[in-house]
Amino acid sequence: MAESEMIAMEIQVEFLRQCLMAMEDAMQRLGCIGTEHLEDCIRQIRKEGIKLRE
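Position one of the sequence shown corresponds to residue 0 (numbering that gives the first Met the number 0), numbered consecutively onward.
If you want it as structure tokens, here you go:
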């Protein structure tokens, strides 16, 4: 694997890690950590998204 491919992969992994951390933060703010209904929680995050960005 070329060095440029390794760097690109590292950037993608970091981006995904940041996305997961942001989603976890949103779930904590909305109080839906540990729920079995992840799809409902994601819908709620999308609905409340503007408020979470403030």
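Ideal Cβ positions, reconstructed from N, Cα and C, are used throughout, including at glycine.
| Item | Value |
| --- | --- |
| At least 3 beta-carbon pairs within less than 8 Å: the stretch 37-44 vs the stretch 21-28 | yes |
| Coarse secondary structure for Ala1, derived from DSSP in three states | coil |
| CB-CB length for Gln43 against Cys31, believed under 8 Å | 7 Å |
| Start-to-end residues for the alpha helix (DSSP H) that takes in Cys31 | Looking at the DSSP string, Cys31 is not in any alpha helix (DSSP H), and its letter there is neither H nor E. |
| Three-state secondary structure (DSSP) of Glu38 | helix |
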